[in-house]
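Protein sequences appear in the order of chains L and Z. End of the first sequence sits at 332 in our numbering; the numbers just go up one at a time, nothing left out. End of the second sequence sits at 653 in our numbering; the numbers just go up one at a time, nothing left out. Glycine included, C-beta positions come from ideal geometry on N, C-alpha and C. To start, the structure itself, in structure tokens.
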Amino acid sequence: MSTQSMSFNLRVWRQEGPQEPGRLVDYKVVDISPEMSFLEMLDELNVQLTRKGERPVEFDSDCREGICGMCGLVITGVAHGPLSATTTCTLRMRHFQDGQTIEVEPFRAAAFPVLRDLVVDRTALDRIIQAGGFVSQNAGSAPDGNAIPIPKDDAENAMDAASCIGCGACVAACPNASAFLFTSAKVSQLAYLPQGRPEARRRVASMVRQMDLEGFGNCTNHGECEAVCPKEVSIHHIARMRKEYWKAMLG
Amino acid sequence: MNQTFLNAPPEESARILDARIPPGPLERKWTDHRGHVSLVSPANKRKHTILVVGTGLAGGAAAAALGELGYRVLNFCIQDSPRRAHSVAAQGGINASKNYQNDGDSDFRLFYDTVKGGDFRAREANVYRLAELSGAIIDQCVAQGVPFAREYGGTLANRSFGGAQVSRTFYARGQTGQQLLLGAYGSLMRQVAAGTVTMLARREMLDLVLVDGRARGIVCRNLVTGELETYAGDAVLLATGGYSTVFYLSTNAVNCNNSAAWRCHKRGAFFANPCFTQIHPTCIPQEAETQSKLTLMSESLRNDGRVWVPAKAGDHRSAAEIPESERDYYLERIYPAFGNLVPRDIASRAAKRMCDEGKGVGKTGRAVFLDFQAALERLGRPVIAERYGNLFHMYEEITAEDPYRVPMRIYPAPHYTMGGLWVDYNLMTTIPGLFALGEANFSDHGANRLGASALMQGLADGYFVIPYTLGAYLAEWRPQPISTEHEAFAQAAAEVRQGIQSLLEVAGKEPVRDLWRRLGHICWERVGMSREASGLNQALEEIRDLRKSFWQEVCIPGGERELNRSLEMAIRVADYLEFAELLAMDALHREESCGGHFREEFRTPEGEALRDDERFTYVAAWEYTGDLQRPRLHKENLKFEHVQPGQRSYK
Numbered sequence: 082m083s084t085q086s087m088s089f090n091l092r093v094w095r096q097e098g099p100q101e102p103g104r105l106v107d108y109k110v111v112d113i114s115p116e117m118s119f120l121e122m123l124d125e126l127n128v129q130l131t132r133k134g135e136r137p138v139e140f141d142s143d144c145r146e147g148i149c150g151m152c153g154l155v156i157t158g159v160a161h162g163p164l165s166a167t168t169t170c171t172l173r174m175r176h177f178q179d180g181q182t183i184e185v186e187p188f189r190a191a192a193f194p195v196l197r198d199l200v201v202d203r204t205a206l207d208r209i210i211q212a213g214g215f216v217s218q219n220a221g222s223a224p225d226g227n228a229i230p231i232p233k234d235d236a237e238n239a240m241d242a243a244s245c246i247g248c249g250a251c252v253a254a255c256p257n258a259s260a261f262l263f264t265s266a267k268v269s270q271l272a273y274l275p276q277g278r279p280e281a282r283r284r285v286a287s288m289v290r291q292m293d294l295e296g297f298g299n300c301t302n303h304g305e306c307e308a309v310c311p312k313e314v315s316i317h318h319i320a321r322m323r324k325e326y327w328k329a330m331l332g
Numbered sequence: 003m004n005q006t007f008l009n010a011p012p013e014e015s016a017r018i019l020d021a022r023i024p025p026g027p028l029e030r031k032w033t034d035h036r037g038h039v040s041l042v043s044p045a046n047k048r049k050h051t052i053l054v055v056g057t058g059l060a061g062g063a064a065a066a067a068l069g070e071l072g073y074r075v076l077n078f079c080i081q082d083s084p085r086r087a088h089s090v091a092a093q094g095g096i097n098a099s100k101n102y103q104n105d106g107d108s109d110f111r112l113f114y115d116t117v118k119g120g121d122f123r124a125r126e127a128n129v130y131r132l133a134e135l136s137g138a139i140i141d142q143c144v145a146q147g148v149p150f151a152r153e154y155g156g157t158l159a160n161r162s163f164g165g166a167q168v169s170r171t172f173y174a175r176g177q178t179g180q181q182l183l184l185g186a187y188g189s190l191m192r193q194v195a196a197g198t199v200t201m202l203a204r205r206e207m208l209d210l211v212l213v214d215g216r217a218r219g220i221v222c223r224n225l226v227t228g229e230l231e232t233y234a235g236d237a238v239l240l241a242t243g244g245y246s247t248v249f250y251l252s253t254n255a256v257n258c259n260n261s262a263a264w265r266c267h268k269r270g271a272f273f274a275n276p277c278f279t280q281i282h283p284t285c286i287p288q289e290a291e292t293q294s295k296l297t298l299m300s301e302s303l304r305n306d307g308r309v310w311v312p313a314k315a316g317d318h319r320s321a322a323e324i325p326e327s328e329r330d331y332y333l334e335r336i337y338p339a340f341g342n343l344v345p346r347d348i349a350s351r352a353a354k355r356m357c358d359e360g361k362g363v364g365k366t367g368r369a370v371f372l373d374f375q376a377a378l379e380r381l382g383r384p385v386i387a388e389r390y391g392n393l394f395h396m397y398e399e400i401t402a403e404d405p406y407r408v409p410m411r412i413y414p415a416p417h418y419t420m421g422g423l424w425v426d427y428n429l430m431t432t433i434p435g436l437f438a439l440g441e442a443n444f445s446d447h448g449a450n451r452l453g454a455s456a457l458m459q460g461l462a463d464g465y466f467v468i469p470y471t472l473g474a475y476l477a478e479w480r481p482q483p484i485s486t487e488h489e490a491f492a493q494a495a496a497e498v499r500q501g502i503q504s505l506l507e508v509a510g511k512e513p514v515r516d517l518w519r520r521l522g523h524i525c526w527e528r529v530g531m532s533r534e535a536s537g538l539n540q541a542l543e544e545i546r547d548l549r550k551s552f553w554q555e556v557c558i559p560g561g562e563r564e565l566n567r568s569l570e571m572a573i574r575v576a577d578y579l580e581f582a583e584l585l586a587m588d589a590l591h592r593e594e595s596c597g598g599h600f601r602e603e604f605r606t607p608e609g610e611a612l613r614d615d616e617r618f619t620y621v622a623a624w625e626y627t628g629d630l631q632r633p634r635l636h637k638e639n640l641k642f643e644h645v646q647p648g649q650r651s652y653k
């Protein structure tokens, strides 16, 4: 067990509801060990606030091992914090300086309204998937798994794209609040696989339309999305989505 | 509550539980049953509303499959999106008896391994059905676009997993659960778009509504507004996972809880084998008191990693300083036939034994080494990186140690719960119209679950079992329409509201998290990896005391009708304080060791689990008889007609 103890000056976004005004509130959090994750540090803050009779800070989290995509905070200006290929829940406090001031804000985008404090509504991402991010396959009608051989490289590329966890950091990091990386990851995964081909045209057209309807911005190649993506989903999937899109529109 | 009740033997029901297993030979049961059950006509399916609680592999697959059939489905989850259910975190893989490797696999062998792995406490007919359906699951997932690992020739790749001598595990890097869940989620989203499924996210089920003795609806708390909402339907499917978070620290997500199942139990659903809990051998050891969860490292690591400790107790040298001759590769030594691939319960207990003997490593001495040096020398870094790269990365992120250079340190942690609501062969609980799927039920894994079997069971229940058995229930019953106007809904909602009010009125000083941690500590120390009568009796008293403290000291800032995580957590912990008692009581009554349930008093001379088939070849299904009342024990006798129960040997 570590004997080292750290303290931090936090500036945390507090907002009581979607319609209420929000503001940054200063807190001092003490007795933090370097092994703690960023969210465990916030748990500790909440324990300290509760003991003082104050309202704890609300934030989303679930698996705490970087796979469910539920957590997501903007930490001093960077979605999921300073470490690359990391979710907020797997970021450890040893990556911060003792006594440092840390700003904690929600993932911001017009399509992600704040529900309370650091909790945002990301159901817009579900609606993009509803627009076509699937293979129309009813249970019970599938051919044998080995009936469709898939080149190993295609399977690996599809897996790279499929590793998206739907956290929305790409949107939060983008100056345009674009959901291109998220949408392209699904389009690209299914474009690499023969199972995805029959619906490819309809899929990309419909998902891109939904993305616009939800109020996400356009992609102007800043590449911020790729830089913050905890699963290192590459922007080459955006290029593939554009190709698929033009094929669908012109073909 | 007087202590004499806690220590007394359970009151036993004279009625033997009937699992409604279809007649006929084992390998024909499901096919014949499916061919003979009543059907709901296509035109009538849309007239039935089905409430599916949970969106993991079992719930998500069930909601999608029922939507595809034309039922009107309402699907609930506690997260903001169905894609986040904790099935997402399963790493290693999913079993199927495809025999693609030509290494001797078959439905019977998968069935046999699962029954043996479960230490002869599972129901044969259910397990055979599971094995029989395993191949169709792989076909379904491939067709959905799940990017399983492939060979260069384009065929599906397999690996072996603990407790099996064939390669039957399909996988997608170390993210198999994620990919299978996203496959089910895609199918679910397709049904949402088609209008058959309505998705209700950020809802937590807090009660079951019964009308004329049947499950007709649920009460939910909207986790954003705090309002209580009621929903009516013709059947309720519970796919809400397990109860490992009763230990506070576990590999489960922090929102995993047992409240929905517990409240169904209080409405009449029997709870089966709660003491069958699985402690997973390959987790990252606990480092600090303030930790909020334990992280699992896939069991697949044991395919190439070798487990060892220093041969001498109290050897505090670093791994590199300990020469080969002074290391004890204890799994290879004790279990030469299976080596590092022994089932989870065996591997976990062996690790605990080594640490108890003073051979544990790391700062706390509660860890053993998992060493990849030999595999790195044999296969090279690129191969190891391809197989386990993301796991190595995750390990380094958490521990700040590079497993390519120094051995991993691992220790067992609560992971999965084999116990759950009792269900019959049709997955129906003792409440007509209430079904339980996936980890929420008890039926397929006996006293210990083999690796890569949870995903298989969740998807089998959801895609391929419930569509038939639910239809049969509805076709035979022909329900009258019901709405939430029925008085039973208002009454159930009022009871839930009363419970929430009581919690808020305590207005104590203790944060819920601290009280939960205290409960977890009691359960881990006395009802954890090994148990004995005196410790269990002590746990029962401590749980009672803690429950009393909880209702005097808990502090829940904020109000009812708003987003309030402290309140959510308090509701779950309050239920766990009741459930933990049943867990300990079940462990106390089962005077034998089997699978994940290890009683110190019952072991072989070599220290292995010693079953008592004479007295305990049954499922213990507990009936709720009222708060602070002694639960009533019902037995389902298990018959083994195809696998002869024997002392499990992995030597």
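Under the Cβ criterion of 9 Å, Cys300 (chain L) is not counted among the residues facing chain Z.
Leu135 (chain Z) places its beta carbon 9 Å or farther from that of Pro469 (chain Z). Along the segment 118-134 of chain L, the positions whose C-beta sits under 8 Å from a C-beta of chain Z are Ser118, Leu120, Glu121, Asp124, Glu125, Asn127, Val128, Leu130, Thr131, Arg132, Gly134, read in chain order.
Close to chain L, meaning a Cβ-Cβ distance shorter than 8 Å, are the following residues of the segment 454-467 of chain Z: Tyr465, Phe466. Across the segment 66-88 of chain Z, CB contacts with chain L closer than 9 Å involve Ala66, Ala67, Glu70, Leu71, Ile80, Gln81, Asp82, Ser83, Pro84, Arg85, Arg86, Ala87, His88, in sequence order along the chain. In this structure Tyr578 (chain Z) is buried. Its beta-carbon is surrounded by 16 or more other beta-carbon atoms within 10 angstroms. Inter-residue distance for Gly58 (chain Z) and Ser89 (chain Z) is about 5 Å (C-alpha atoms, whole angstroms). Across the structure, Leu123 (chain L) and Lys653 (chain Z) are spaced so that their CA atoms are roughly 47 Å apart. Partner residues in the beta bridge of Gln96 (chain L), as assigned by DSSP, are L:Gly103.
The DSSP-derived three-state label of Leu457 (chain Z) is helix. Per DSSP, Pro11 (chain Z) lies in no beta strand (DSSP E) and is assigned neither H nor E. Trp327 (chain L) sits exposed, since fewer than 16 C-beta atoms from the chains shown fall within 10 Å of its C-beta. Around the beta-carbon of Val370 (chain Z), 16 or more other beta-carbon atoms lie within 10 Å, marking it buried. When C-alpha distances from Ile286 (chain Z) are compared across Z:Ala274, Z:Asn275, Z:Phe278, Z:Glu301, the shortest belongs to Z:Glu301. Neighbours of Gln554 (chain Z) across chain L, judged by C-beta separation under 7 Å, do not exist; the nearest C-beta is about 16 Å away. In the structure shown, Leu154 (chain L) adopts coil according to DSSP, grouped into three states. Considered as a whole, the segment 182-251 of chain Z harbours no complete run of any alpha helix (DSSP H) with no fewer than 4 residues. An exposed status is given to Pro256 (chain L), since fewer than 16 other beta-carbon atoms sit within 10 Å of its beta-carbon. Going by DSSP, His636 (chain Z) is part of the beta strand (DSSP E) stretching over 634-639. Gly137, Ala138, Ile140, Asp141, Gln142, Cys143, Val144, Ala145, Gln146, Gly147, Val148, Pro149, Phe150, Ala151, Arg152, Glu153, Tyr154, Gly155, Gly156, Thr157: these are the residues of the segment 137-157 of chain Z whose beta carbon lies less than 9 Å from some beta carbon of chain L, given in chain order. For the pair of segments examined, the segment 523-540 of chain Z was found to touch the segment 601-610 of chain Z: the number of CB pairs separated by less than 8 Å reaches three.
By the neighbour-count criterion, in which 16 or more other beta carbons inside 10 Å mark a residue as buried, Arg528 (chain Z) falls on the buried side.
Residues of the same chain with a CB within less than 7 Å of the CB of Gly215 (chain Z), apart from the 5 flanking positions on each side, are Pro434 in chain order. Ranked by Cα distance from Leu393 (chain Z), the first of Z:Gly26, Z:Gln93, Z:Gly597 is Z:Gln93. Put simply, the backbone Cα of Val75 (chain Z) is about 16 Å away from that of Cys222 (chain Z). For Gln280 (chain Z), the enclosing beta strand (DSSP E) has its first and last residue at 279-285. Taking a cut-off of 8 Å on C-beta distances, the segment 108-120 of chain Z does not touch the segment 193-202 of chain Z, as fewer than three cross pairs fall below it. Here the C-alpha atom of Thr33 (chain Z) lies approximately 21 Å from the C-alpha atom of His447 (chain Z).
DSSP, read as helix, strand or coil, puts Lys109 (chain L) in strand.
The shortest CA-to-CA distance from Ser568 (chain Z) to any of L:Gly134, L:Pro99, L:Pro102, L:Leu91 is the one to L:Gly134.
Contact between the segment 271-283 of chain Z and the segment 402-415 of chain Z is established, with three or more Cβ pairs separated by less than 8 Å.
Taking C-alpha positions only, Ala236 (chain L) is separated from Glu305 (chain L) by approximately 26 Å.
Remark: fewer than three beta-carbon pairs, one from each stretch, lie closer than 8 Å, so the segment 85-103 of chain L and the segment 471-485 of chain Z are not flagged as touching.
Closest in alpha carbon position to Asp463 (chain Z), among Z:Ala64, Z:Thr606, Z:Ile573, Z:Gly522, is Z:Ala64. Runs of alpha helix (DSSP H) with 4 or more residues, each lying fully within the segment 382-444 of chain Z, are found at 383-401, listed in chain order. Every alpha helix (DSSP H) of 4 residues or more that sits fully in the segment 307-386 of chain Z is shown, in chain order, as 332-336, 346-358, 375-381.
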